[in-house]
Amino acid sequence: MYDLCIRNARIVDGTGFPAFLGDIGIVGERIVALGSQLVSEAHHVLDAGGQVVAPGFIDAHTHDDLTVLREGVVPMKVQQGITTVITGNCGFSLAPLAPTHADAVKNYSAPVLGEDTHPWNWYTTEALFETLRSVALGQHIRPLFGHGPVRVAVMGFEPRDATEQEMTTQEGLVREAMEAGAAGMSLGLMYVPGMYTPTSELIRLASVVGRYGGVVTSHMRGEGDQLLSSLTEMLTIAERAEVAIHISHLKVTGRNNWGSIQRALNLISDARTRGLDVTIDVYPYNAGSTLGTQLLPPWLQEGGLATMLKRLREPETRHKVCRDFAHGIEGWENQVGANGWDRVFVSTVRQERLRSLEGLNMVEVAETLGMAPEEAFFHLIVEEQGQMTILIFHMDERDVDEVVRAPFSMIGSDGLPLRSGRPHPRLYGTFPRFFKRYVRETRSLALEEAVRKVTALPTERFRLADRGMIAVGKVADLVIFDPETISDLATYEQPRVYPEGISAVIVSGQIVVREKQLTPHRPGQLIAPAHEDTYVVE
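Taking my numbering, the leading residue of the sequence shown gets 1, the next gets one more, and so forth.
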């Protein structure tokens, strides 16, 4: 007898092979039978009615770390059909921590991971994972660890090269994280403190990850004028460290660079031909979402957030930043100069008296406050203590389409799970939008290939054992949806809206979403190999 039987399914199994009609028999968390008109009785039967049944979607790029830890389930993800989230991206993660810097990491991470009133009383990656194992999860989590906390634990936010002793200590933290079962290390080289790290140091740390069979993911140093040089740095790390590299949210930004994404894709294709293990993720929108402080020049961010805010109150500092906005700095990606204040929108602020500014672009904010855009921006950064998040429309949709179609690309939402304000609609709508736009509207991807991009491909990339495909013996992570109606409803004006067209979401054989309603089941797992399953290449 099956615990659950799904009948009359149009099965898209994740491999890219053509869909087929059949039934799926599940016992416990595993698929035990596939076939036509399975005859065994079942405790529960779901009639798919000819809808698509696919492996549960895997979000290759999230910042759900804190939400998972504190709430167990990320509703806006499972409602999209996402059964596994990859956390710890862009150099941000909850571990490792040094007691002297724990609060600094917590505050620095808040605009990305969310604010937290509870103490962070773990210091190693293993201790964090033990904490996560005690949480009842509504979806699976596969964590990366961030390079940022590794560096801060040893060096604070100092803008300098590491000493040999500091590098040895950092390598030990990387080794501990990999032995704890992390999928790999993420880099945030456009953020403090990642931006201070030379390539040579990254190669040393990446080599440790490579010896454990892990992956290094990267928010690169630049995605506009510096896109190709930044990508070349990553390919150099892949080659010299002998490690798999995954480029986060590949894009080309700045109006002058639009139309040039194919050069980056060609670099990656050539590297793959040479035998380098390189993949990418992308979100299907032409606007990004980030910290407001990321628009500021790097010299101002030296020393950490508190130092930056103190300096930003000084008139001389503001004048210098305004000159940099106007004229640029060699080696710095000046997002304001490349895109304009009218394409920068306030997404989230913390203070109630500033909430009316959410959803306005900086030109509109300036008019409201009676200031120049630059001064209005400085005012918000200081008033919000650096915690403001922004949306920036800095991409051309045609470039995004090129990245989505690349055979080595997968989908990542990169949504910031903030409790207030107007988050980027990708937090609620990425995966339904992907199917609606690329399968149904533009028809640039076959349904089977689209499913592969969000299931089997990220399964291989992040070493998700027994998932990502519909086959006997695999874990029954499944989503049932109508390919003719699956759609995102979240917009930039109304971003907190769940999608439509998804009938059910199943995690480890248990239904967690049925007709848009969350069930009480929490069968998710921390997907991290046990110590004996990790290996080192000598």
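Ideal placement from N, C-alpha and C gives every residue a C-beta, glycine not left out.
- Excluding residues up to 5 positions away in sequence, E384 and Q387 lie with their Cβ nearer than 7 Å to the Cβ of R350 in the same chain.
- Excluding five sequence positions before and after L369, the CB atoms of its chain that fall closer than 7 Å to its own CB belong to A376 and H379, given in chain order.
- Secondary structure at A9: strand, using DSSP grouped into helix, strand and coil.
- In the DSSP assignment, D103 falls within the alpha helix (DSSP H) that extends over A102 to L113.
- For D47, the uninterrupted beta strand (DSSP E) run begins and ends at A42 to D47, by DSSP.
- Residue state for Y438 is assigned as helix, using DSSP reduced to three classes.
- Just measuring C-alpha positions, the residue of L137, T125, F17 and L144 sitting nearest A153 is T125.
- Going by beta carbons, G81 and V344 fall outside the 8 Å limit.
- Taking the CA atoms as reference points, S218 sits about 6 Å from S186.
- E176 and S230 have their C-alpha atoms spaced approximately 28 Å apart.
- In the displayed model, M371 falls within coil according to three-state DSSP, outside both helix and strand.
- Cβ neighbours of T459 within its own chain (closer than 6 Å, five residues either side excluded): R467 and G468.
- With respect to the C-alpha of W299, the residue from M178, Y196 and G156 having the closest C-alpha is Y196.
- Contact check for V85 against I141 passes: the beta carbons are separated by less than 8 Å.
- With contacts defined by Cβ atoms closer than 8 Å, L457 and P483 do not form a contacting pair.
- Residue range V52 to P55 is occupied by the beta strand (DSSP E) that includes P55.
- Across the set Q517, G429 and V451, the C-alpha of V451 shows the shortest separation from the C-alpha of V439.
- Between I247 and L202, the C-beta spacing is not below 8 Å.
- Taking all protein chains in view, the Cβ of K310 is surrounded by fewer than 16 other Cβ atoms within 10 Å, so the residue is classified as exposed.
- A direct Cα-Cα distance of roughly 15 Å separates N8 from L478.
- Secondary structure of E352 (DSSP, three-state): helix.
- Rounded to whole angstroms, R398 and G259 show a C-alpha spacing of 7 Å.
- A straight-line Cα-Cα distance of about 26 Å links L97 and D59.
- Spatial neighbours of A490 in its own chain (CB-CB distance under 6 Å, excluding positions within 5 residues in sequence) are listed in chain order as P425, Y428, G429 and V497.
- Between R151 and M362, the alpha-carbon positions lie close to 33 Å from each other.
- When secondary structure is reduced to three states using DSSP, V85 falls in the strand class.
- For the options E367, D225, E223 and A183, the alpha carbon positioned closest to that of G213 is the one of A183.
- Contact between D116 and T87 fails: their C-beta atoms lie close to 15 Å from each other, not under 8 Å.
- Residue range R30 to G35 is occupied by the beta strand (DSSP E) that includes A33.
- A distance below 7 Å between beta-carbons, with the five flanking residues on each side excluded, links F92 to the following residues of its chain, in chain order: H63, S109, V112, L113, G146, G148 and G188.
- Each residue's CA atom was taken as its position, placing V321 and L464 some 45 Å apart.
- For H147, the secondary structure class from DSSP, reduced to helix, strand or coil, is helix.
- In the structure shown, the three-state DSSP call for V497 is coil.
- At a Cβ-Cβ threshold of 8 Å, A366 and R255 do not count as neighbours.
- Cβ neighbours of E41 within its own chain (closer than 7 Å, five residues either side excluded): M1.
- The C-beta separation of D3 from G28 comes to about 6 Å, placing the pair in contact by the 8 Å criterion.
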